[in-house]
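First to last, the sequence lines map onto chains A and B.
With this note's numbering applied, the first sequence closes on residue 210, and no number is skipped along the way.
With this note's numbering applied, the second sequence closes on residue 210, and no number is skipped along the way.
Even glycine gets a Cβ: it sits at the ideal position worked out from N, Cα and C.
Protein chains: 2
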Amino acid sequence: MDATRQPDLTRQRILEAGFAEIHRHGFQAASVANILADTGLTKGALYHHFPSKKDLGLAVVDEMVGVALVERYVRPLRDAAHPAQALIELIGMKQGISEEFIRLGCPLNNLMQEMSPVDEAFRDRLNRILIQWQEAFEEALRRAQMAGEIRGEVNCHAAALFIVSAWEGCTGVAKNMQSVEAFRACMSQLQGYVASLLKTS
Amino acid sequence: MDATRQPDLTRQRILEAGFAEIHRHGFQAASVANILADTGLTKGALYHHFPSKKDLGLAVVDEMVGVALVERYVRPLRDAAHPAQALIELIGMKQGISEEFIRLGCPLNNLMQEMSPVDEAFRDRLNRILIQWQEAFEEALRRAQMAGEIRGEVNCHAAALFIVSAWEGCTGVAKNMQSVEAFRACMSQLQGYVASLLKTS
DNA sequence: CGAATTACATACCGACCGGTATGCACGCGT
DNA sequence: ACGCGTGCATACCGGTCGGTATGTAATTCG
């Protein structure tokens, strides 16, 4: 019952504490000592499961950030019967935009801004996640276009890229302003953009 | 002629080298030693002109980032005879988007994402610059609205906030993708958004 | 049941980091 | 011309960083 020796659970705890620390301070400023303090573990444990701080960071990107994005955005859109409506609702969703999340910003965006010019491995992994996100939007737009809901001349690829960019921009600006209200106003404008792609029936 | 003892020029050199170092590595990862190596100066010089690394960073924000933004965006829009057209042209400008700038990203955006949750003084200064930028857009939109070029029901404040956000989002995503082409495509979509605010005469 | 491997804990290391105390030469005011 | 403050250079400090070498239980496997 005392649950001694559960290596994969230990690894998961390190990943979660690592994600929180990186979310708070960024990767470079993230302290291995803080992560260990949060988990109650020691360096031996961490460097047994991960060869280096960088490898831990990359694992956090793949197994925490990437997985969360797929669950929250990619899958719901893929399973949506009415993709255009689902996309607009997703942009306007009010769940999961706590003050804390506004303060700390989008983990994906934070890491992209910090690590892209600094480390190619990070850039590559983050870019894969970003493209996954963009493709989820693009697919939704294309399906809506097929269904005749979106105007035929709309460039779904470019529009999806813009939605992702504007989304990250909104979270970034809201983070600086520390204002959930600004975030809502900004995302509302993004909703308007998507609506402008629809056919004016 | 050897120009010994020019304190304000020395200060300016420190500011410029500090800006470059911060632009490359972010503020927290910026190394004072690197700045000194770039300028050929020593710690005595830097800490004579600036009480701390943080004060240097804040000075860089105010005197480099802030000033550049006013010169490039605020002033041109204020002096424009046709603000709506000027805004659209500004978004589509092709000057000053070198590969290097795409790789390193927008200095304002970089610092906002990194420092906003970490340091209130940084957040405050950066926010002032951001609001200055937003207000320049808002003023241009409002003038265009007065002139009858933009539809009356457009919320110029929210639209300006969105343009700033989307702009930063585009630079951020382009930075991660390391693609000037993606940046152009993204900004082109932003142009489309602004155009959608115009009256369809 | 013994041996080998896994899963950690402990102690320690060199490399930077920002910051400071001190020294000194130039230039300006009087 | 002389003194004093400004404008730097040099040397040094404590602290934190990521990383490693070693030790030692617990688990697994033959």
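CB contact flag (residue i, residue j, <9 Å)
i, j, result
"residue 187(B)", "residue 111(B)", "yes"
"residue 199(A)", "residue 191(B)", "no"
"residue 30(A)", "residue 17(A)", "no"
"residue 184(B)", "residue 135(B)", "no"
"residue 153(A)", "residue 96(A)", "yes"
"residue 102(B)", "residue 24(B)", "no"
"residue 38(B)", "residue 37(A)", "yes"
"residue 116(A)", "residue 28(A)", "yes"
Coarse secondary structure for residue i, derived from DSSP in three states
i, result
"residue 50(B)", "coil"
"residue 206(B)", "coil"
"residue 106(B)", "coil"
"residue 137(B)", "helix"
"residue 91(A)", "coil"
"residue 174(B)", "helix"
"residue 146(A)", "helix"
"residue 128(B)", "coil"
"residue 13(A)", "coil"
"residue 40(B)", "coil"
"residue 181(B)", "helix"
"residue 35(B)", "coil"
"residue 164(A)", "coil"
"residue 28(B)", "helix"
Contact belief for residue i with residue j at Cβ below 8 Å, rounded distance in angstroms
i, j, result
"residue 181(A)", "residue 121(B)", "6 Å"
"residue 141(B)", "residue 78(B)", "7 Å"
"residue 205(B)", "residue 205(A)", "5 Å"
"residue 149(A)", "residue 207(A)", "In fact, because the Cβ distance is near 13 Å, the residues do not count as touching under 8 Å."
"residue 26(A)", "residue 44(A)", "5 Å"
"residue 58(A)", "residue 20(A)", "5 Å"
"residue 203(B)", "residue 138(B)", "Between residue 138(B) and residue 203(B) the Cβ distance is about 21 Å, and since that is not below 8 Å, they are no contact."
"residue 83(B)", "residue 145(B)", "4 Å"
"residue 172(A)", "residue 93(A)", "With 8 Å as the limit, residue 172(A) and residue 93(A) do not qualify as a contact, their Cβ atoms being about 12 Å apart."
"residue 164(A)", "residue 35(A)", "So it is not a contact: roughly 34 Å between Cβ atoms."
Burial state of residue i, where buried means 16 or more other Cβ atoms lie within 10 Å
i, result
"residue 52(B)", "exposed"
"residue 132(A)", "buried"
"residue 196(A)", "buried"
"residue 178(B)", "buried"
"residue 66(B)", "buried"
"residue 157(A)", "exposed"
"residue 70(B)", "buried"
"residue 10(A)", "Reliability fails at residue 10(A), whose pLDDT of 42 lies under 50, so the model's placement of it is uncertain and no value is given."
"residue 98(B)", "exposed"
"residue 42(A)", "exposed"
"residue 147(B)", "buried"
"residue 161(A)", "exposed"
Bridge-paired residues (DSSP) for residue i
i, result
"residue 159(B)", "207(B)"
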